[in-house]
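Scroll down for the structure; my scribbles are underneath it.
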Amino acid sequence: MKFSAILWLLFLWQSLQLQLSLSLDRGNETDRLSLLAFKAQISGDPLGILSSWNESNHFCKWLGVICGSKRQRVVELDLHDSQLVGILAPHIGNLTFLKSVKLYNNSLSHRIPPELGYLFRLQRLNLSENMFVGDIPINISNCSSLVVFDVGYNNLTGKIPAEFGSLTKLQTLRLVTNNIAGTIPPSLGNLSYLESLYGTRNNLHGAIPYSIGRLERLKYLYFCSNNLTGTIPPSIFNLSSLRHLSLPLNQLHGNLPTDLGNTLPHLENLNIYDNLFSGIIPPTISNASSLFRLSVGKNKFTGKVPSLAKQPKLQMLLVDGNSLGNREEDDLGFINSLANCTDLKTLGISGNNFGGMMPATISNFTKLEYMGFGGNEIRGRIPPDIGNLIHLTTLSLGTNHLTGTIPSSIGKLQNLGDMNLQGNELSGSIPSTMGNMTTLSAINLSMNNLQGSIPSSLGDCQKVLSMDLSRNNLSGSIPKEVFQISSLTKHLVLSDNELAGSLPTEVGQLVMLGALYVSNNQLSGEIPESLGTCRSLEYMSLAGNFLEGTIPKSLSSLRAIQGLDLSHNHLSGQIPEYLAELKLLESLDLSFNDFEGEVPLKGVFANQSQVQVMGNSKLCGGTPQLNLSRCSSSELTKKCKFIVATICPLLGLISTTLLLTFLCFRARKTIKAQGCNFISSFWQVRFEDLSKATDGFSSANSIGAGGFGSVYYGILERNEAPIAVKVFNLLTKGASKSFMAECEALKNVRHRNLVKILTACSSVDFQGNDFKALVYEYMVNGSLESWLHPTDEPEEVQGPRTLNLLQRLSIAIDVASALDYLHHDCEPPIVHCDLKPSNVLLDGDLAARVGDFGLARFLLNTSNQLSSEQSISLGIKGTIGYAPPEYGMGSEVTTYGDTYSYGILLLEMFTGKRPTDNMFRDGLNLHNFSKSALTRHVLEILDPSLLAENEETSRIEAHSGMAHPVTPESLEALMSVVKIGVACSEEVPRKRMGMGTVVVELRRIRGILSRTWTRIVMS
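Here the sequence shown stands for residues -23 to -1, 1 to 996, numbered as in mature numbering (1 follows the signal peptide of the UniProt record, and there is no 0).
This is the structure:
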């Protein structure tokens, strides 16, 4: 009997083992098939990661697949940084033993599959830095073991699921940089193990729930750049575990608790920049001894800045744009208390009421990179040891009451990029040692009492984009070396000094200069012919000097000129006819000279408000509004003789030119384009060079991604210049055509507001795969997108990224100028087809350059329509929200399409709202949202960070260049900007405003706002 029982138990044991074995086999097969289904949905694998996923290997040996040792089931899927393109297959939900999914930094798109909710063992899910869209699946709340959930840097919409409150083991919830809307669910207060909560850069609104204050283990709370309102719940200030509290760029208000430093003793980062907080900065903040970042700028704080002597780890202190200080001697005492802060890198106190003497101890912060003291009441001298701050990149001391000389040690600041000392009472000469500051991009020494000559050593500053030395007492001649700074592209302002001698002929070397002001000096001699080569000039003033002779014919080449002031000189001769042919010229002042003869009637001369000719007694004719005498017959006879003597030889020359042009055109049509042939005129670059420059195209060097590839930052060994390398993913449909489109579009265009291409590479990589890349000049300030919708990451320690009103206007003008050039000055005209903030790049001076011509089209006939040789099926024609409605209905590409995209971009710049914002539904879009506001109050739709609220803050913020004061003039100008955006984005293409008109109108508006700003600053 016992023997039979033993036999039965053995039989039962063997049956159970067999059943378990069969079950494991079925489970393994399910995992294998699920992985193959995952692979089948991947359309691009440039690194060949999934090539090992084949039948020759057990799936547990496939790259990125990790199995458990006992059951050989998949427990981890790790394919991060693999450059995968495609869809995340729903079959991933069959991998029921998965504990970890790491798919971050790829190009996976479409929706996140709700089948992930079947993975009840899942602990870590990281899908960040992809292209996922749609809502966050509610089913994920079924993953009860989840510890980390990260979907940052995607295009997700919808709301934060309230059901996430059931994920009781969750420690990290990261939703940064999406388009998630709605409110923060109070149910998140149930996540008792939560340590990190990141909701930066979304469209969240409403108040921060009080329940967040129950998260006793919370260390990181980030909700930067949303639309949160209300106050910070007091319970949050009692979370003793909290290390990072970062809520900038919202609309939160209230006071900070007086015991903040006592209740948050471990606080490392307090960032509430650009909100509506008021009251004082609590003195107890000094008890938070681990604090490394304190950013409370652009609020309404008053009183003193408390001592920070107990914060030796402090790296950033931003208190700018408040009402701190009382114009008293001890206002800056807190700076002396920073003596132990040897790691301090950022110190911004501009736009306050700080009085007292400039602290000499400032020279001891040898790691300081940013120093912003402008717009205060600070007195005294610039410390003589300022040269100790060798890491300084920005020095802003403007609009104070500083006296004494500029120390010669300032020349040691060889990393300095921006120097602003304007609006003080500095005297003495400009130190010649400034020529050692070879990284300078902006110099502003205006409105001081500086004397002596301009040092020729400034010519060594070959990276300067703008230089302003106006309103001083400088004398002597203008050194020719200043005009040999080829990087000068924004402005050179030397007006209101005592400079003498002639204007050097070397001025013609400033071929990319945008504005030249040398008015109100003692310059003599003739206007140099070489000025005609400065074809990018938009504004030039030579007024108030002793210039003589005629206006040179070479100035007819200044086709970009908008404002020209030659008044109060001794110029003579006739007014050149070509001035009437300058299409962009909208302001011309020739008054108080010795001009004679007839005033033209066309162009700028047709509008009396745009031209000044008074004080020239020998002039006649012109429009009746000029009140000049009629021209005599002898004068008309002389003019006719001049025309006859000129026109005859010109007719012969024109005929010859037309014949040669026709023959050249016929010859060019016989040449067939072969790839990017224009590359042969540039320096050559190999795949190896680009790989080395970008550290093997590492993710650390990645600065962007798009539909056809990725962009990397690099430094080429040949010239140590920073570059941006756009690498095309040739496995993506249309990528090769996009490469060719950019080549063709950029090979002949030359405009200072278009991205500059350096060269291209069409080769093979180390694996023998085709490789195509374009190399551009690197834009240090990134894209307009990153400024309009900035991020705030915990690892970042940087100053705020905001654009004030005048900066936004200037960028809008730059973009419009680029489009006007593409549409009207290129042969054939070019339509960009994908204008949006991410395709507008900003250089070191925040000048805009339009880039990414991967969807560009040529218009090869006169009707602004796409040539029949180009198929409409070449691909998508823009980005949702920015593409015009007619493209969605199959219409052909026209310049009107770019105009629509520009209108949407302009409205986004001034309202701060994306066209894809969740508020735009049921027929409401950014266009009619803005249009309807024109009938009530335009301020209701504007980005609130643009405007100051009262007269006192108007003056302070105008000093610091942060917000623009609301005046009747500025309100009317802002309404005009919105009207232009609305006019450009009309639904009917032919009703849209032309880009040439846009440029003229926006420049007029900028002039109004500039005058308003100047009046406030000087008051």
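Every residue, glycine too, gets a C-beta built ideally from N, C-alpha and C.
Bounding residues of the beta strand (DSSP E) (the contiguous stretch that carries residue 1038): Absent from the model: residue 1038. The displayed extent of the chain is -23 to 996, so no value can be given.
Inter-residue Cα distance where the pair is Y546 and K560: The residue you asked about is not Tyr; residue 546 is Asn in the sequence shown. Rounded to whole angstroms, N546 to K560 spans 25 Å at the Cα level.
Have a look at S409, V441, I383, P408 and flag the residue whose alpha-carbon is nearest the alpha-carbon of D395. V441
Collapsed DSSP secondary structure at A644 in the structure displayed: Residue placement at A644 is flagged as unreliable, the pLDDT there being 34, under the threshold of 50; a coordinate-derived value is accordingly withheld.
According to DSSP, simplified to helix, strand and coil, what is V42? strand
Proximity of F331 and L301 at Cβ, strictly below 8 Å: yes
Buried or exposed for Q499, please, with buried defined as at least 16 other CB atoms from any protein chain shown within 10 angstroms of its CB. exposed
Ordered along the chain, which non-local residues of its own chain (more than five positions away) have a Cβ less than 8 Å from that of N520? Residue 520 is actually Ala in this sequence, not Asn. So the list reads S496, N497, D542, L543, S544, H545, N546, D566, once near-sequence residues are dropped.
Grab me the residues of D742's own chain with a C-beta within less than 6 Å of its C-beta, minus the 5 sequence neighbours each way, in chain order. F664, F748
Out of curiosity, what's the CA-to-CA distance linking L832 and D802? 19 Å
Rounded separation between L54 and N895 - CA only: 33 Å
Can you check whether the CB of N313 is closer than 8 Å to the CB of T338? yes
Measure the CB-CB distance between E483 and F460 and report whether it falls below 8 Å. yes
With a threshold of 6 Å on Cβ separation, who are the neighbours of F126 within its own chain once the five nearest residues in sequence on each side are excluded? L102, L150
Cα separation between Q391 and G412? 10 Å
List the endpoints of the continuous beta strand (DSSP E) containing P23. Segment: none, P23 is in no beta strand (DSSP E) and carries neither H nor E.
Please go through the same chain and pick out, in chain order, the residues whose beta-carbon is closer than 6 Å to the beta-carbon of S760, but skip the five residues on each side of it. S815, L818
In terms of DSSP beta bridges, what is D55 paired with? K79
Would L708 and S86 qualify as a contact pair, given that the criterion is a beta-carbon distance under 8 Å? no
Could you please give me the residues that DSSP links to D829 through a beta bridge? Beta-bridge pairing links D829 to no other residue.
Nearest-angstrom beta carbon gap, L295 and G325 [assumed within contact, 8 Å]: 4 Å
Considering only their Cβ atoms, is the gap separating G880 from C961 smaller than 8 Å? yes
Identify the continuous alpha helix (DSSP H) that holds L693 and give its terminal residues. It is not in any alpha helix (DSSP H) - L693 carries neither H nor E in the DSSP assignment.
Exposure of L345, with buried meaning 16 or more beta-carbon neighbours within 10 Å: buried
Which term fits T839, buried or exposed, when burial requires 16 or more other beta carbons within 10 angstroms of its beta carbon? The predicted model places T839 with a pLDDT of 38, which falls under 50 and marks its position as unreliable; any figure quoted below should be read in that light. By the 10 Å Cβ count, T839 comes out exposed.
Considering only residues of the same chain and omitting the five flanking positions on each side of D112, which have a CB-CB separation below 6 Å? G135
Quick one: measure Cβ to Cβ for M489 and T466, integer angstroms, because I've assumed they're closer than 8 Å. 4 Å
Compute the beta-carbon to beta-carbon distance between T888 and G858, rounded to the nearest angstrom, for a pair I have assumed lies under 8 Å. The pair is not a contact, with the Cβ atoms about 13 Å apart (cut-off 8 Å).
Is it a yes or a no for the stretch 29 to 44 touching the stretch 63 to 70, going by three-plus beta-carbon pairs under 8 Å? no
So what's L317 in DSSP terms, helix, strand or just coil? Looking at the sequence itself, residue 317 is Asn, so the reference to Leu does not match. Helix at N317.
Nearest by alpha-carbon distance to S763: which of S105, R891, N246, A583 is it? R891
Of all the beta strand (DSSP E) runs that stay within the bounds of the stretch 446 to 525, which reach a length of 3 or more residues? 450 to 454, 468 to 470, 475 to 479, 492 to 494, 499 to 503, 516 to 518
Going by alpha carbons, who is nearest to S922 out of G984, L222, L226? L226
Rank V965, L24, Y753 by C-alpha distance to the C-alpha of G874 and give the top, closest one. V965
Straight-line gap, L253 to L233 (C-alpha atoms, nearest Å): 11 Å
Label N246 either buried or exposed according to how many other C-beta atoms from any shown protein chain fall within 10 Å of its C-beta, with 16 as the threshold for buried. buried
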